[in-house]
Amino acid sequence: MNIDESIINGYQQSHDPSPVKRDNPSLTKYNTAVASGEYQQDRQYIALVDVNAMYVSCERVFDPSLHNRPAVVLSNNDGCVVARSAEAKALGIPMGYPWFKLEATAKQHNLVAKSSNYELYGDLSSRVMGILARFSAWIEVYSIDEAFLGLRGTLDELHAVGQQIKAEVLKLTGLPVCVGIAKTKTLAKISNEAAKKVNELGGVCVWDRVPESTRDHVLRRLPVIEVWGIGPRVTRRLNAMGIFTVADFRDTDPVLIREKFSIVQMRTLLELRGTPCIPLEEAREIKDQLIYSRSFAERVTTREDMEQVLSIYAQMASTRLHRHDREAKVLTAWAMTSYFNEDQSHHPAVTVALPGYSADPVVLTKAAKSLLSKIRPGTRYALISTRPLRRGR
DNA sequence: TCTGGGGTCCTAGGACCC
DNA sequence: TCTGGGGTCCTAGGACCC
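According to UniProt numbering, the stretch in the first sequence is residues 1 to 393, in order.
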């Protein structure tokens, strides 16, 4: 096989996380391992821990009447569904479905909806992450409901740790989690999915502990779009090449994939073969960008309306920058027509370099208004965003 | 006047994730 | 009639410098 190994090795080396400083008893051992070069062995396996239907599960912690019945959580203005319980998924309710279209279903199936409460979810999330950090000094908080952990041990030990994590989080927070454990992040993701879907696994799946014939069977049946990092665009192109399942993709020449796509897809492919290419990273404390975006309740079609909206959104962005004590050097403003309005599809955008770092609403508004020159009057825009980039000082 | 290699920074656009 | 609101990473091309 003719893989350019230097790319992969170079990538791994340059992205190795530095030792984390945490209040953890195993930290000394961990740092010793790093110093002595035993680090590679120390992170032989990666666990992905994921809270099941996070938002709904959080609501259930404080409202037991939501248990054992279909429940959903709605987006900001109760517009559409952003989380579904297993029972709601079983009813076929898709993610992002508008709530007003579900009222008949709600009556018929005893479906209940809650408004979202992000403060609550954030609070429970921190508690979960705190518990997870006790199982490994090496943790990457990937999202509000997911974290990767570095683990080592025999397959049976790993399975036991997975069960312990699950039991501990449930006991201390009331939240159900599933655990997938494998040699790479991409396989850990797939294991986690398996842990969720296959009841016999009891919510914990150690990939290498599953019989090889079963693993192969799973990958031969799983559509390639199910892989972490492979989205709809790439899937369409892969399908055109005759690649339909995860196994098809895994068995393709990595060099061909890098040529046709990019290094990202090649890494994903190698990860499916068990070669770690996507390192664990500590969560960054400072974000690279801040976005303020909202869909319009009523479509915006005139220049005057657009001007007003740009001004308001730029000021909202300014407020957020102030709140985070940040300044921006660059601002991007964009507008989009609705996805369901393809004949008029238009996505104008401008990027403006600001005169130095700033969070001043006047400066941001002026910059955002440069989008106006790209607006086509009469087009029905559905969404507008401003995106200041980069922190100040 | 022409030619060259190598590096960094910036912008724009594409794709993906939860 | 109508599907949210955040984020990250990668690539290509141009400007500019030595």
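For each residue, glycine too, the CB sits at the ideal point set by N, CA and C.
Over what stretch of residues does the alpha helix (DSSP H) that includes residue i continue unbroken?
| i | result |
| --- | --- |
| Ser85 | No alpha helix (DSSP H) holds Ser85; DSSP gives it neither H nor E. |
| Val246 | 246 to 250 |
| Lys185 | 185 to 197 |
| Val210 | Premise fails: Val210 is in no alpha helix (DSSP H) and is neither H nor E. |
| Ser65 | Neither: Ser65 is in no alpha helix (DSSP H) and is coded neither H nor E. |
| Ala359 | From DSSP, Ala359 is part of no alpha helix (DSSP H); its letter is neither H nor E. |
| Leu256 | 254 to 260 |
| Gln308 | 303 to 323 |
Considering only the alpha carbon of each residue, which of the options lies closest to residue i?
| i | options | result |
| --- | --- | --- |
| Ala247 | Val224, Ser338, Thr275 | Val224 |
| Asn110 | Glu87, Thr301, Ser116 | Glu87 |
| Leu222 | Leu155, Val206, Ala194 | Ala194 |
| Leu371 | Val362, Pro348, Ser125 | Pro348 |
| Ala160 | Gly203, Pro232, Phe244 | Gly203 |
| Lys183 | Arg215, Met129, Leu272 | Leu272 |
| Ile144 | Ile131, Ser125, Leu158, Thr154 | Ser125 |
| Ala71 | Asp50, Ile46, Ser115 | Ser115 |
| Ala297 | Ser65, Cys80, Arg60, Val56 | Cys80 |
| Leu321 | Thr214, Leu238, Leu364 | Leu364 |
| Val330 | Met54, Ser75, Ala368, Ser295 | Ala368 |
| Tyr360 | Gln315, Val206, Trp334, Ser338 | According to the sequence as given, residue 360 is Asp; it is not Tyr. It is Gln315. |
| Asp208 | Ala167, Glu157, Gln164 | Glu157 |
| Glu327 | Ser311, Pro355, Met336 | Pro355 |
| Asp191 | Lys171, Asp216, Ala167, Leu172 | Note on residue identity: the sequence assigns Ser, not Asp, to residue 191. Nearest C-alpha to Ser191: Asp216. |
| Val218 | Arg250, Ile139, Asn239 | Arg250 |
| Trp334 | Ser358, Glu307, His324 | Glu307 |
| Asp123 | Glu285, Met54, Leu238, Thr154 | Met54 |
| Ser136 | Tyr45, Ala106, Tyr292, Val362 | Tyr45 |
| Thr302 | Ser373, Cys178, Asn239 | Ser373 |
| Glu285 | Phe244, Leu270, His324, Pro276 | His324 |
| Val78 | Tyr97, Asn68, Leu91 | The sequence given here has Asp at residue 78, not Val. When each option's Cα is compared against that of Asp78, the closest is Tyr97. |
| Ala90 | Asn68, Ser358, Val362, Asn239 | Asn68 |
| Leu201 | Leu238, Gly162, Asn239 | Gly162 |
| Leu155 | Thr275, Pro211, Val352, Thr332 | Pro211 |
| Met336 | Ile375, Ala240, Asn199, Gly130 | Ile375 |
Could you tell me how far apart the beta carbons of residue i and residue j are, in whole angstroms, since I believe they sit closer than 8 Å?
| i | j | result |
| --- | --- | --- |
| Lys189 | Leu280 | Incorrect: roughly 13 Å between the Cβ atoms, too far for contact. |
| Val169 | Val128 | 6 Å |
| Asn52 | Pro176 | 5 Å |
| Ser85 | Val56 | 5 Å |
| Cys205 | Gly174 | The pair is not a contact, with the Cβ atoms about 23 Å apart (cut-off 8 Å). |
| Phe261 | Val234 | 6 Å |
| Ala113 | Leu74 | 5 Å |
| Leu120 | Cys58 | 6 Å |
| Gly229 | Val264 | 7 Å |
| residue 471 | Thr186 | Because residue 471 is not part of the residues shown, which for the chain are 1 to 393, the question remains open. |
| Arg220 | Thr252 | 14 Å between Cβ atoms; not a contact. |
Return helix, strand or coil for residue i, following the three-state DSSP convention.
| i | result |
| --- | --- |
| Thr268 | helix |
| Met336 | strand |
| Ser370 | helix |
| Ile230 | coil |
| Leu91 | coil |
| Asp50 | strand |
| Ile286 | coil |
| Leu222 | coil |
| Asp23 | Residue confidence is low: Asp23 scores 31 on pLDDT, short of 50, so the model does not pin down where it sits. Its coordinate-derived value is still stated next. Reduced to three states, the DSSP call for Asp23 is coil. |
| Ser345 | coil |
| Ala353 | strand |
| Lys175 | Note on residue identity: the sequence assigns Leu, not Lys, to residue 175. Three-state DSSP puts Leu175 in coil, outside helix and strand. |
| Ile181 | strand |
| Ile375 | coil |
| Leu280 | coil |
| Gln13 | Per-residue confidence for Gln13 stands at a pLDDT of 34, beneath the threshold of 50, marking its modelled position as unreliable; no derived number is given. |
| Ile7 | Its pLDDT being 34, under 50, Ile7 is placed unreliably by the model, and the measurement read from it follows with that caveat. Looking at Ile7 - three-state DSSP - the assignment turns out to be helix. |
Residue i: beta carbon under 8 Å from a heavy atom of the ligand GDP?
| i | result |
| --- | --- |
| Asn52 | This structure does not include the ligand GDP; it has no bound ligands of any sort. |
At what residues does the beta strand (DSSP E) containing residue i begin and finish?
| i | result |
| --- | --- |
| Phe296 | 292 to 300 |
| Leu74 | 71 to 74 |
Those runs of the beta strand (DSSP E) which lie wholly inside the stretch 125 to 164 and span at least 3 residues: The DSSP assignment places complete beta strand (DSSP E) segments of no fewer than 3 residues inside the stretch 125 to 164 at 139 to 143, 146 to 151, in order along the chain.
Runs of beta strand (DSSP E) lying entirely within the stretch 93 to 128, each at least 3 residues, in chain order: Runs found: 112 to 115.
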